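Each residue of the sequence shown is one higher than the one before, starting from 1 at the first, in the working numbering.
Just so you know, even glycine gets a beta-carbon here, dropped at the ideal spot from N, CA and C.
Please read all numbers here as calculations on a predicted model, not as lab measurements.
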Amino acid sequence: MKLLLFTNKKTLPKFQTVIQFLRKELKGQASDPLFLYVNSAFSPSPDETVANLHKCFSTDGHLIINYCTTAAWG
1 MKLLLFTNKK TLPKFQTVIQ FLRKELKGQA SDPLFLYVNS AFSPSPDETV
51 ANLHKCFSTD GHLIINYCTT AAWG
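Here it is as structure tokens:
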């Protein structure tokens with residue numbers, strides 16, 4: 001699944017946008033657990049901007065986000 005977010009200088013999408021998108025695509029409820037990890041390493045804050053995450057953690061121009069419905073690390 002590929003998610004493309006277009007940004008402008010007035011509004012930078014937050015990571016919460018990615019969470020909401022995946023919940024919708026997976027047909028999950030807001031109460032269903034959903035865990036997202038950048039580069040399989042950490043879970044960013046929902047109010048972090050996607051642009052900043054991409055700038056700091058992209059690989060070959062792609063921001064890798066893994067997700068699961070159970071916590072990966074207790």
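Asked	Found
Is residue 64 buried or exposed, if buried means 16 or more other CB atoms sit within 10 Å of its CB?	exposed
What do you reckon, are the CB atoms on residue 34 and residue 26 nearer than 9 angstroms?	yes
So for residue 39, helix, strand or coil by DSSP?	coil
If you follow the beta strand (DSSP E) that residue 65 is in, where does it begin and where does it stop?	65-68
Less than 9 angstroms between the C-beta atoms of residue 38 and residue 14, yes or no?	no
Assuming contact is defined by CB atoms lying nearer than 9 angstroms, are residue 32 and residue 69 in contact in what I supplied?	yes
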